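Take a look at the structure below.
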Amino acid sequence: MKSRAHTDPESEATQAFVSLFRNARFEQLPAQVVSITKDQVLDFFAVALGGSVEAGVPEMRDLVLEWGGSAQSTILWYGDKVPAPHAAQVNATMAHALDFDDVHEDAIMHPGVVTIPTALAMAEYIGGIDGREFITAVAVGTDFICRLGLATRPGESIHKYGWHLTTLFGYLTAAGVAARILGLDETGITNAIGIAYHQCSGNGQCVRDGALTKRMGPGMAVRGGIASALMAKRGISGARKCLEGEAGLYRVYHGGAYSRERLLADLGVRYEGVNVSIKPYPCCRGVHPAIDAALTLVRRHGIQPGDVRRIVIYCGEATYGLLGVPLDVKARPRNFVDAQFSLAWGVATAVARRRASLEDFGPKAVNSPDILAVAACIEVENDPALDRGDQGMEPARVEIALKDGRSFSEQVDLPTGTPGQPLSRSAIQLKFQDCLAHAGWPIPRSQADNLLNFVADLEQVEDVRALIEAASLPQLTADGQEPRLGVGGGVRGGVSCC
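Counting from 1 along the sequence shown, just add 232 to a position and that's the residue number in the working numbering.
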């Protein structure tokens with residue numbers, strides 16, 4: 233189904249997306265879109281449950297319990313029933329806490345951490361929402377938030393104005409998803425998005441400062457978006473021309489620098505969900521090409537950490553500035569944030585341990601002698617040939633020189649997990665199991681298996697509340713103690729580049 237923007241070129245873009253939110257049907261979704269949406273849902277549950285006790289999550293849960301209110305939707309893992317906007321806020325926060333959630337590299341966007349907690353909270357609020365409607369709402373929301381980000385790519389640097397795009401565009405997206413599930417008409421959806429636009433925020437300073445507000449941003453967005461849809465349902469109006477109006481988002485927030493073509497091309501026919509990546513490593517996506525290159529070298533040539541004399545990581549200018557320097561901090565991280573945003577740490581971990589897992593990026597890991605010894609051999613250099621500007625993820629090349637005089641080099645342009653080489657469903661299931669082991673109190677195996685089965689057959693699920701029940705636990709353990717917090721390193725202040 234094509235939007236009205238294709239029959240009326242002068243139509244303001246907001247209405248094209250409103251039409252898609254209102255009229256999209258599961259039967260019209262390409263099979264590939266359904267498949268990746270199910271992968272996103274499984275990945276969401278993995279990273280949310282894995283992040284359930286990370287810093288900021290228990291505190292946010294305690295705060296919403298203190299606020300009280302109607303028992304409308306569930307906080308995953310904990311099992312508390314709270315107002316729908318609050319449940320979605322905590323669930324989005326826990327899913328973003330590990331910096332392990334899905335990503336659209338070109339849009340610089342984490343779509344699942346906005347669309348899925350919104351859809352879950354509203355499905356429980358409404359009741360009786362089946363898997364087909366759930367998939368459709370998530371797929372349309374993913375397309376919306378990714379197109380919003382893609383449209384900012386040409387011209388000026390997307391970082392010029394300092395926005396954190398997932399949070400900024402998350403308000404509008406959550407409003408659209410929530411309004412769709414509420415069954416609002418086009419006027420209602422327009423109002424919901426307009427009300428959300430009045431709240432849009434989210435800056436990148438938290439990334440530079442390593443503040444916990446980074447992981448809180450998507451939760452703030454989904455809370456605001458759901459509240460906007462509920463306000464619209466009660467007849468409250470919002471701005472109609474949120475995107476391209478004289479005071480619309482692209483003029484106010486981006487100085488008018490955007491591409492209408494990238495925003496609207498093939499809307500309702502091509503869904504950007506097919507370009508979403510599932511992360512294999514819990515760190516900034518820009519580190520992943522270098523990790524892949526290092527893992528290839530150590531496995532192909534049987535390189536042991538003690539064999540290494542020198543490692544040089546070559547990268548593009550943007551990657552170098554964010555992930556390469558200052559090298560003394562990147563090679564000897566002060567905290568979890570430094571490790572998560574470090575080419576040197578990611579490559580040193582790959583060489584020292586032949587992996588890059590959750591336990592390699594926590595507060596305890598930054599003091600690991602084996603990784604630090606390899607990191608001390610690393611240099612990072614900018615290679616202009618690897619610069620990509622605002623045209624997508626930059627490649628990385630890793631050169632390892634050995635003490636016996638041999639030298640090996642490997643370049644990775646697109647890392648594991650990208651649409652061209654996606655993680656298999658079985659690999660995502662392994663990630664799911666690893667993340668569950670990282671939680672404060674693992675979900676019982678039978679319950680975890682139920683959740684896996686529900687997601688695998690999501691289009692057959694009659695009521696999405698079955699997934700929520702499978703992803704939640706009683707509030708106390710069998711011995712009456714609160715679940716242990718900080719397991720797996722007790723992440724502090726983890727952030728991501730998108």
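The beta-carbon is built from N, C-alpha and C at its ideal position, and this holds for glycine as well.
Predicted model only: the values in this text are computed from it and were never measured.
The beta carbons of Thr347 and Thr374 sit closer together than 8 Å.
If only uninterrupted beta strand (DSSP E) runs of at least 3 residues are considered, none is enclosed by the segment 655 to 715. Residue pairing for Ser305: DSSP places it in a beta bridge opposite Val314. Residue environment: Gly553 is assigned as exposed (fewer than 16 neighbouring CB atoms within 10 Å of its CB, all protein chains considered). About 16 Å separates the beta carbons of Ala698 and Trp309, which is beyond the 8 Å limit, so they are not a contact pair.
In this structure Val644 is in contact with Asp524, their Cβ atoms being roughly 4 Å apart against a cut-off of 8 Å.
When rounded, the separation of the alpha-carbon atoms in Phe573 and Ile377 is 24 Å.
Our two residues, Gly500 and Ser658, have alpha carbons roughly 30 Å apart in a direct line. A contact between stretches requires three or more CB pairs, one per stretch, nearer than 8 Å, and the segment 585 to 602 fails this requirement with the segment 621 to 634. According to DSSP, residue pairing for Ala633 in a beta bridge involves Arg542, Ser639. Here the alpha carbon of Val530 sits roughly 27 Å from the alpha carbon of Arg566.
Straight-line measurement puts the Cα of Arg483 at about 18 Å from the Cα of Thr398. Glu613 sits in a strand when the DSSP states are folded into three classes.
Residue state for Val335 is assigned as strand, using DSSP reduced to three classes.
Rounded to whole angstroms, the separation of the alpha carbons of Ala316 and Pro512 is 31 Å.
Bounds of the alpha helix (DSSP H) holding Ala428 are 418 to 429. Judged by their CB atoms, Thr648 and Ile425 are not nearer to each other than the 8 Å cut-off.
DSSP places Val644 in the strand class (E or B) of the three-state scheme. When DSSP reads this structure, Ser509 sits in a beta bridge with Val335. Secondary structure note for Lys465: its alpha helix (DSSP H) is the uninterrupted segment 445 to 465.
In its chain, beyond the 5 residues on either side, Asp695 have a beta carbon closer than 7 Å to the beta carbon of Gly360.
Assignment of beta-bridge partners to Ala383 by DSSP yields no partner. In the structure shown, the three-state DSSP call for Met341 is strand. By the Cβ neighbour-count rule, Glu478 is exposed, with fewer than 16 other Cβ atoms within 10 Å of its own. Boundaries for Trp395: no alpha helix (DSSP H) harbours it, and the DSSP string shows neither H nor E there. Counted as a single uninterrupted DSSP element, the alpha helix (DSSP H) harbouring Glu493 occupies residues 492 to 496. In the DSSP assignment, Ala628 forms a beta bridge with Cys547, Val644.
Remark: fewer than three beta-carbon pairs, one from each stretch, lie closer than 8 Å, so the segment 395 to 412 and the segment 488 to 502 are not flagged as touching. Between the beta-carbon of Val372 and that of Arg412 there is about 7 Å, and that keeps the pair under the 8 Å contact cut. With respect to the 8 Å criterion, Lys313 and Ala324 are not classified as neighbours on the basis of their beta carbons.
Residue nearest to Gly363 within the set Val687, Glu701, Leu705 is Val687 (criterion: CA-CA distance).
Here the alpha carbons of Gln260 and Ala680 stand approximately 31 Å from one another.
Secondary structure note for Gln437: its alpha helix (DSSP H) is the uninterrupted segment 437 to 441. The continuous stretches of alpha helix (DSSP H) do not include His486, and DSSP gives it neither H nor E.
Per DSSP, the continuous alpha helix (DSSP H) segment holding Thr581 begins and ends at 575 to 585.
Less than 8 Å divides the Cβ of Tyr429 from the Cβ of Leu404.
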